[in-house]
Amino acid sequence: MKKIILVVIVALCITSCTELKQVASQLSSALPVGSTSGVTNAENISGLKSSLSIGIEKAVSNLGVENGFYQNAAFKISLPKEAQPILDNVKLIPGGQALVDKAVLSINRTAEDAVKEATPIFKSAITSMSITDAVSILFGKENAATEYLHRNTYSQLKAAFAPKVRASLGKPLVANISTTQTWNTLSSGYNSVASGTIGSIAGLKTVNVNLEEYVTEKALDALFVKVAAEEKAIRTDPVARVNDLLKKVFGQLDKK
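Position 47 (the sequence shown) corresponds to 95 in my numbering; numbering is contiguous.
Quick look at the structure:
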């Protein structure tokens with residue numbers, strides 16, 4: 049009888065251990081790759097969305113102020129490459145260098161003015177992010193969030209930036225003169241020389257530039273570079289994790 053009881057107890061233990069392993073396996077599979085049991089999916093998602101909101105606010109605030117582009121060596125917008133003939137022959141235009149300098153300043157002021165449109169569009173994309181997207185982004189590449197935002201907001205941002213850039217180009221941003229006026233004075237002065245006798249002898253060609261499209265694309269390029277930098281900082285630098293939730297969620301990445 050004692051032997052029968054012992055066999056039954058062993059069998060129950062084996063069955064219980066097997067069931068416990070199955071439960072543990074199920075719980076483990078429910079967690080995203082790279083996660084720890086101390087952080088829930090809800091916290092991961094909330095932490096990611098919080099980090100993105102902080103990152104975009106910082107990126108926009110850094111670029112969308114006076115000299116955010118103009119005095120930033122990484123993002124300062126020069127004249128478009130199509131305007132290189134103007135730069136090469138600026139001495140042929142009366143007051144040419146001063147006009148070039150004013151045009152560059154005005155273009156950058158336009159970008160600084162336009163980039164402020166990005167915040168609500170980015171935040172809408174963050175709010176509508178799915179659970180699957182959020183988890184895969186958190187445990188993905190170091191720029192996974194930036195790539196997600198680029199895929200899901202670029203067209204909308206460009207559409208929102210275009211009228212803002214157009215309006216900014218027409219506003220008196222520098223010395224009470226608009227960017228459009230400055231550019232038209234510069235380009236028409238050059239084109240007048242290029243289409244005249246001197247230009248014909250020198251083989252100069254007139255310059256035609258879509259300034260609105262150029263400034264819009266340059267502003268967007270800078271914005272996404274800045275967002276990527278903010279994302280990388282939060283992922284890799286504990287100091288950039290400005291609250292307990294970010295420290296908890298992104299601290300998981302330090303252990304990978």
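Where a beta carbon is used, it is the ideal one built from N, C-alpha and C, also for glycine.
As the structure is a prediction and not an experimental result, all values here were calculated from the model.
Count the other CB atoms, across all protein chains shown, that sit within 10 Å of the CB of S109; report buried if there are 16 or more and exposed otherwise. Numbered from its first residue, the sequence shown carries residue 109 at position 61. That one is exposed.
Take R214 and list the residues in its own chain whose beta-carbon comes closer than 8 Å to its own, dropping the five residues that flank it on each side. For the purposes of this step, residue 214 is identified with residue 166 of the sequence shown, where counting begins at 1. Taken in chain order, the residues that qualify are E260.
Over what stretch of residues does the beta strand (DSSP E) that includes V222 continue unbroken? Here residue 222 is taken as the residue at index 174 of the sequence shown, counted from 1. Run containing V222: P220 to V222, per the beta strand (DSSP E) assignment.
Inter-residue spacing [alpha-carbon to alpha-carbon] between D181 and P286: Taking the sequence shown and counting its residues from 1, one reaches residue 181 at position 133. Taking the sequence shown and counting its residues from 1, one reaches residue 286 at position 238. One C-alpha to the other measures close to 23 Å.
So, for D302: in the same chain, excluding its five sequence neighbours on each side, which residues have a beta-carbon less than 7 Å away from its beta-carbon? Reading the sequence shown from its first residue, position 254 is the one you call residue 302. If we look at D302 and ignore the five residues flanking it on each side, it has no Cβ neighbours.
Are there 16 or more other CB atoms within 10 angstroms of the CB of Q320, so buried, or fewer, so exposed? The requested residue 320 does not occur in the structure, where the chain is confined to residues 49 to 304.
How about the stretch 195-203 and the stretch 130-146: do they share at least three Cβ pairs that are nearer than 8 Å? They do not touch, by the three-pair rule.
Rounding to the nearest angstrom, what Cα-Cα distance links N120 and L153 in this structure? Start at 1 with the first residue of the sequence shown, and residue 120 comes out as number 72. Start at 1 with the first residue of the sequence shown, and residue 153 comes out as number 105. C-alpha separation (whole angstroms): 12 Å.
At a cut of 8 Å, does the stretch 217-236 reach the stretch 277-291 through at least three beta carbon pairs? no
Reduced DSSP secondary structure (H/G/I, E/B, other) of S240: Position 192 of the sequence shown, counted from the start, is the residue given in the question as residue 240. The answer is helix: DSSP assigns S240 an H, G or I state.
Leaving out the 5 sequence neighbours to the left and right, which residues in its chain are closer than 6 Å to A162 when beta-carbon positions are compared? Stepping through the sequence shown from its first residue, residue 162 is reached at position 114. Same-chain partners within the cutoff: F209, K212, V213, S216 and A267.
For A107, count the other beta carbons within 10 Å of its own beta carbon; 16 or more makes it buried, fewer makes it exposed. Which is it? Stepping through the sequence shown from its first residue, residue 107 is reached at position 59. Classification of A107: buried, given that the 10 Å Cβ count is 16 or more.
Do I125 and A159 have their C-beta atoms closer together than 9 Å? Here residue 125 corresponds to residue number 77 of the sequence shown, with the count starting at 1. Here residue 159 corresponds to residue number 111 of the sequence shown, with the count starting at 1. Taking 9 Å as the cut-off, the Cβ atoms of I125 and A159 count as close.
Residues in its own chain within less than 7 Å of V275 by CB, not counting five upstream and five downstream? Position 227 of the sequence shown holds residue 275. Cβ neighbours of V275 beyond the five flanking positions: G103, I104, A107, T194 and L197.
With H, G and I counted as helix, E and B as strand and the rest as coil, what does DSSP make of I225? Taking the first residue of the sequence shown as 1, we reach residue 225 at position 177. Three-state result, I225: strand.
Could you give the distance in angstroms between the alpha-carbon of A281 and the alpha-carbon of G86? Locating residue 281 in the sequence shown gives position 233, where the first residue counts as 1. Locating residue 86 in the sequence shown gives position 38, where the first residue counts as 1. Cα to Cα, A281 sits roughly 23 Å from G86.
Kindly indicate which residue of S101, R283, T264 and N256 has the alpha-carbon position closest to the one of M177. Looking up residue 177 in the sequence shown gives position 129. For the residues S101, R283, T264 and N256, the minimum Cα distance to M177 belongs to S101.
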